[in-house]
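Heads up: the structure comes next, in structure tokens.
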Amino acid sequence: MKLAAAMDAFDSLMPYLLHLVLLYVSAGLFYFLYKYKSSGGGPTPNLPPGKKGLPYIGETLDFVLASRRGTPEKFVTDRTTKYSPDVFRTSLLGEDMAIFCGSAGNKFLFSGQNKYVTSWWPDSIKKALMDPSSVDNSSKEESTKLRAYLPPFLKPESLQHFIPVMDIMAREHLNQHWSPYNEVQVFPLSKKYTFALACRLFMSVTDNDEIENFAKPFALATAGLMSVPIDLPGTTFNRAVKAGRLIRQRLLALITQKKNEILERGKTVASDLVDSMLMDGMTEVEIGNKIVGFFIASHDTTSTAITFIVSYLSDFPEVYNRVLEEQMEVLRCKEAGEPLRWEDIQKMKYTWCVACEVMRLAPPANGSFREAITDFTYAGYTIPKGWKAFWMVHTTHKNPKYFPDPERFDPSRFEGNGPAPYSFVPFGGGPRMCPGKEYARLEILTFIHNLLTTFKWVKLNPNEKISYIPSPIPKEGLPIKIQPLLN
Numbered sequence: 001m002k003l004a005a006a007m008d009a010f011d012s013l014m015p016y017l018l019h020l021v022l023l024y025v026s027a028g029l030f031y032f033l034y035k036y037k038s039s040g041g042g043p044t045p046n047l048p049p050g051k052k053g054l055p056y057i058g059e060t061l062d063f064v065l066a067s068r069r070g071t072p073e074k075f076v077t078d079r080t081t082k083y084s085p086d087v088f089r090t091s092l093l094g095e096d097m098a099i100f101c102g103s104a105g106n107k108f109l110f111s112g113q114n115k116y117v118t119s120w121w122p123d124s125i126k127k128a129l130m131d132p133s134s135v136d137n138s139s140k141e142e143s144t145k146l147r148a149y150l151p152p153f154l155k156p157e158s159l160q161h162f163i164p165v166m167d168i169m170a171r172e173h174l175n176q177h178w179s180p181y182n183e184v185q186v187f188p189l190s191k192k193y194t195f196a197l198a199c200r201l202f203m204s205v206t207d208n209d210e211i212e213n214f215a216k217p218f219a220l221a222t223a224g225l226m227s228v229p230i231d232l233p234g235t236t237f238n239r240a241v242k243a244g245r246l247i248r249q250r251l252l253a254l255i256t257q258k259k260n261e262i263l264e265r266g267k268t269v270a271s272d273l274v275d276s277m278l279m280d281g282m283t284e285v286e287i288g289n290k291i292v293g294f295f296i297a298s299h300d301t302t303s304t305a306i307t308f309i310v311s312y313l314s315d316f317p318e319v320y321n322r323v324l325e326e327q328m329e330v331l332r333c334k335e336a337g338e339p340l341r342w343e344d345i346q347k348m349k350y351t352w353c354v355a356c357e358v359m360r361l362a363p364p365a366n367g368s369f370r371e372a373i374t375d376f377t378y379a380g381y382t383i384p385k386g387w388k389a390f391w392m393v394h395t396t397h398k399n400p401k402y403f404p405d406p407e408r409f410d411p412s413r414f415e416g417n418g419p420a421p422y423s424f425v426p427f428g429g430g431p432r433m434c435p436g437k438e439y440a441r442l443e444i445l446t447f448i449h450n451l452l453t454t455f456k457w458v459k460l461n462p463n464e465k466i467s468y469i470p471s472p473i474p475k476e477g478l479p480i481k482i483q484p485l486l487n
């Protein structure tokens with residue numbers, strides 16, 4: 001009886017066992033084909049050392065877990081120690097990838113644009129934020145167009161006009177969202193400020209409800225930028241795709257409205273970036289893609305930098321006092337209510353050293369992707385055409401080769417000649433320096449000036465955990481207790 005019962009049980013399990021065997025065999029075959037295809041089906045070139053991890057997923061989970069634990073540099077240091085300090089192989093986001101390391105690796109990728117590599121965006125970014133009709137456009141073409149429209153907008157003569165607007169908006173933001181309270185969360189409020197400022201300068205949008213209609217879906221979309229592009233209900237990527245679609249619909253309506261206004265009124269002078277691109281003959285879809293790119297570059301990064309400047313100033317009173325004195329000296333030279341000007345920003349030298357040291361230790365962005373447009377050799381290894389390349393701030397920012405005692409907070413590193421070339425790269429470097437660097441500098445310094453000359457503060461949780469998703473994020477939003485500076 002026991003044997004019969006056992007046989008019945010075994011028979012009932014047979015279909016499931018068969019499915020498991022088929023799944024196992026299929027997975028093994030898939031993995032074999034995956035390895036064979038990646039090697040070109042023939043002799044393997046001298047590829048960078050490393051491993052690809054699981055099929056499709058690769059080492060993405062390892063990278064994400066290290067980031068969420070607040071130690072993204074560990075993903076790099078573990079592999080540079082094991083494989084090579086110059087370049088190592090991995091697989092991220094379903095792509096064969098070479099991680100270029102150190103200042104030499106950074107310089108090679110920055111200088112090799114359009115010779116060895118071109119700009120590349122992961123599918124998660126293209127599908128979540130770009131219009132589907134333009135997704136097939138090359139990243140090289142998109143990147144070239146993007147840079148072509150940024151420089152005129154970000155020339156010093158244009159930026160000088162933005163400073164009073166930034167200053168007034170910072171004051172208004174602090175009065176409305178900080179002054180009524182004894183405790184605030186810095187991170188969400190800094191995002192609120194930088195997003196509102198971008199809406200004002202890029203699109204002339206100032207209505208709070210209209211800003212919020214863009215901000216909510218934008219937050220969902222950016223949360224999925226570095227996710228695995230599996231478009232199934234409930235996934236981060238699926239939510240990002242839906243949010244991106246909503247953003248594009250609202251942007252298209254806004255751009256169309258502004259286009260009609262230009263035609264009806266015969267405008268010849270642009271009021272903002274959208275006007276400028278319309279007057280240059282760009283299509284509504286092209287402008288929508290560009291504006292989304294500008295928001296990504298200018299919003300999340302600067303709000304992250306502001307948040308961690310506030311955090312580090314709280315931790316280091318002697319640095320705080322020196323920054324405060326510099327900002328009060330600027331204030332003493334102004335009439336009551338007079339907005340900041342270009343010459344005032346140039347006096348904030350030590351404050352910018354502090355901001356740079358903060359961005360070294362808590363970089364607002366991980367790095368950027370490239371795609372090999374030809375086979376080439378680097379550090380004795382072959383990078384095949386079609387492979388993706390990734391430069392990361394984490395290969396230099398906490399590397400004692402470039403920054404002795406790298407965990408120590410020391411703004412004096414940026415005084416005088418500063419760090420070695422291509423070692424401090426929150427904005428890229430060389431010919432690939434981010435054209436929005438000066439915009440970010442003005443935005444950060446203007447906000448910090450108003451914050452320090454208005455409030456003093458203490459952290460409510462000095463041991464708050466930090467996670468990188470993909471930018472560093474304080475898990476509780478950096479709650480602080482504030483009081484007026486003159487109390």
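Count the sequence shown with full-length UniProt numbering and you get residues 1 to 487, in order.
Glycine included, every Cβ here is placed at the ideal spot set by N, Cα and C.
Subject >> Straight-line Cα distance separating residue 232 from residue 182 >> reply: 43 Å
Original post:
Along the chain, where does the alpha helix (DSSP H) that runs through residue 185 open and close?
Top reply: Residue 185 -> not in any alpha helix (DSSP H); beta strand (DSSP E) instead, spanning 183 to 185.
Original post:
Which class does residue 348 belong to by DSSP, given the choice of helix, strand or coil?
Top reply: Note: residue 348 maps to coil in three-state DSSP.
**OP:** Whole angstroms is fine: what's the gap from residue 170's alpha carbon to residue 307's?
**Re:** Cα to Cα, residue 170 sits roughly 14 Å from residue 307.
**OP:** Count the other CB atoms, across all protein chains shown, that sit within 10 Å of the CB of residue 109; report buried if there are 16 or more and exposed otherwise.
**Re:** buried
Original post:
Under the three-state reduction of DSSP, which class applies to residue 480: helix, strand or coil?
Top reply: Of the three classes helix, strand and coil, the one that applies to residue 480 here is strand, per DSSP.
Original post:
Shorter than 8 Å from the beta carbon of residue 120 to some beta carbon of chain C?
Top reply: Absent here is chain C; the protein component of the structure consists of one chain.
Original post:
Where does residue 54 sit, in a helix, a strand or coil, going by DSSP?
Top reply: strand
**OP:** Identify the continuous beta strand (DSSP E) that holds residue 235 and give its terminal residues.
**Re:** Residue 235 -> no beta strand (DSSP E), and no H or E assigned at all.
Original post:
Which residue from 385, 454, 357 puts its Cα closest to that of residue 414?
Top reply: 357
Original post:
Ordered along the chain, which non-local residues of its own chain (more than five positions away) have a Cβ less than 7 Å from that of residue 246?
Top reply: 217
**OP:** Below 8 Å on the Cβ atoms is my guess for residue 53 versus residue 84; work out the distance and round it to an integer in Å.
**Re:** Actually they are not in contact, since the Cβ atoms of residue 53 and residue 84 sit about 17 Å apart, beyond 8 Å.
Subject >> Exposure of residue 240, with buried meaning 16 or more beta-carbon neighbours within 10 Å >> reply: buried
Original post:
Per the contact definition of three or more C-beta pairs closer than 8 Å, is the segment 258 to 274 in contact with the segment 308 to 319?
Top reply: no
Subject >> Rounded straight-line distance, which links the Cα of residue 463 to that of residue 344 >> reply: C-alpha of residue 344 to C-alpha of residue 463: approximately 35 Å in a straight line.
Original post:
With 16 as the cutoff for other CB atoms within 10 Å, does residue 433 come out buried or exposed?
Top reply: Its Cβ having fewer than 16 others within 10 Å, residue 433 is exposed.
Subject >> Three-state class that DSSP yields for residue 374 in the structure shown >> reply: coil
Subject >> Straight-line Cα distance separating residue 394 from residue 76 >> reply: C-alpha separation (whole angstroms): 7 Å.
Original post:
Quick one: complete alpha helix (DSSP H) runs, 4+ long, within the segment 413 to 487?
Top reply: Within the segment 413 to 487, the complete alpha helix (DSSP H) runs of at least 4 residues are 437 to 452.
**OP:** Throw me the rounded Cβ distance for the residue 388 and residue 130 pair, which I believe falls under 8 Å.
**Re:** Residue 388 to residue 130, Cβ: 18 Å. No contact.
Subject >> Sub-8 Å separation of residue 229 and residue 124 beta-carbons >> reply: Between residue 229 and residue 124, the C-beta gap is smaller than 8 Å, which places the two residues in contact.
Original post:
Can you tell which of 89, 341, 172 has the C-alpha that lies nearest to the C-alpha of residue 189?
Top reply: Between residue 189 and the set 89, 341, 172, the nearest pair of CA atoms involves 172.
Original post:
Quick one: any contact between the segment 64 to 80 and the segment 450 to 469, if contact means 3 or more CB pairs under 8 Å?
Top reply: Cβ pair count under 8 Å is three or more, so yes.
**OP:** Flag this pair as yes or no: are the beta carbons of residue 274 and residue 296 separated by less than 8 Å?
**Re:** no
Original post:
Looking at the structure shown, is residue 282 part of a helix, part of a strand, or coil, going by DSSP?
Top reply: coil
**OP:** Please work out which residues of its chain come closer than 7 Å, Cβ to Cβ, to residue 426, disregarding the five sequence neighbours upstream and downstream, and give them in chain order.
**Re:** Closer than 7 Å at the Cβ level, and outside the excluded window around residue 426, lie 359, 363, 364, 365, 393.
**OP:** Note down, in chain order, each residue of its chain lying with its Cβ closer than 8 Å to the Cβ of residue 205, except the 5 sequence neighbours on either side.
**Re:** 199, 211, 214, 254
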